[in-house]
Amino acid sequence: MNTIKKLFMSVALTATSFSLLTGCSSADKTAIQDTADKFLSIVKSGTNEDIEKYASAEVSEGEFVKTFDSEYLKQNFMDGFVSSEIDDATMERVESFCSLFSDMITDYKISEVSVDKNGVGTVIAMIDTAFPIDVIDNSEALDLIEEQAQSYYAENEEQIVAMYEEKTEEEVEAYIYNDMIIKIIDIYETLIKDASPETYAITLKLEKNSETDSYYVTGVTSYDEASESTTQAATETATTVETSPSDSSSSEESDASSSSVSE
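Residue numbers (mature numbering (1 follows the signal peptide of the UniProt record, and there is no 0)): -27 to -1, 1 to 236.
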């Protein structure tokens, strides 16, 4: 009888221990997915408001977040011009164009969450964009802008000569400057309109913040980069979790692009 009791107690203790271990792992995965979801939701919004709550300073101030931060992208775009020489009509076009950055990400999906034996989480996510993330400085855009600059005077010579007869040199130069900006924006808007949607696969690294005892994102790499790097093997097989789309997401799976999104 005592032997049977000891056997049942042993089974019960084993089951309890397993339950506790599984519960901890499950809780960690839930916390990791929740943090990743909040982080990606902010990135999708085109802002960086409160992102420091869910990411380290290195990530929240890094290139990945800046890539989708509409205010940063707008300022980066504006830095190419002399703002004091831009008239009101041109500035209105600039503002309208830059508003497109806020809607760059159309959707995201968390496809996989795992935790290694050290409690470090890995999240694989897909980010869908309305247009390529390098639309501003890709070679096609830069070539078209250079072509426009080289052909501008030849295409507008008659009008420019006539303007010099009626206006001051400063007024003519201001007109040309603003007209060129409008033409550059026209090029970008056409490229965005004609662009195909893109899907980028990324890997998020999450660790526990010792001060808050909550998970936060400490690294962002493209999925391909993460796959090629040497990392410590997880103690359990990565578990596919229920897709966690943003509010506007569909249930269809997107194929990952090989394009790189660096931290």
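Ideal Cβ placement from N, Cα and C applies to all residues, glycine included.
Between the region 105 to 113 and the region 79 to 89, the count of Cβ pairs shorter than 8 Å is below three; the stretches do not touch.
Per DSSP, reduced to three states, the secondary structure at T3 is helical.
A contact is defined here as three or more CB-CB pairs under 8 Å, and the region 111 to 126 meets this definition with respect to the region 144 to 158.
If you check the CB distance, V32 and M51 do not come in under 8 Å.
Beta-bridge analysis with DSSP links M99 to K82 and A174.
When the alpha-carbon of K178 is set against those of V93, D23 and A103, the nearest one is in V93. Pairwise C-beta distances place the region 94 to 102 in contact with the region 164 to 176, as three or more of them are shorter than 8 Å. In this structure, the CA atom of E113 is about 27 Å from the CA atom of V193. A distance below 7 Å between beta-carbons, with the five flanking residues on each side excluded, links L73 to the following residues of its chain, in chain order: I165.
For a cut-off of 8 Å, the C-beta gap from F70 to E162 is around 6 Å, short enough to register as a contact. Sorting S(-2), S195 and Y81 by C-alpha distance to the C-alpha of K11 places Y81 at the top. Here the C-alpha atom of I78 lies approximately 10 Å from the C-alpha atom of S14. CA-CA distance, S29 to I5, rounds to 14 Å. Across the structure, F37 and Y45 are spaced so that their CA atoms are roughly 12 Å apart. Secondary structure of N129 (DSSP, three-state): helix.
By alpha-carbon distance to K17, the top candidate from T40, D1 and S(-2) is T40. In the three-state DSSP reduction, E180 falls in the strand class (E or B).
For Y27, the secondary structure class from DSSP, reduced to helix, strand or coil, is coil.
Between the C-alpha atoms of K47 and T63 there is a straight-line separation of about 14 Å.
Of the residues T191, A103, D116 and D23, the one whose Cα lies closest to the Cα of D167 is A103. In this structure, DSSP gives T63 a helical state, which the three-state scheme calls helix. Around the beta carbon of G19, 16 or more other beta carbons sit within 10 angstroms, so the residue counts as buried. Straight-line measurement puts the Cα of E138 at about 15 Å from the Cα of A147. Following the DSSP letters along the chain, one finds V38 inside the alpha helix (DSSP H) bounded by residues E36 to F41.
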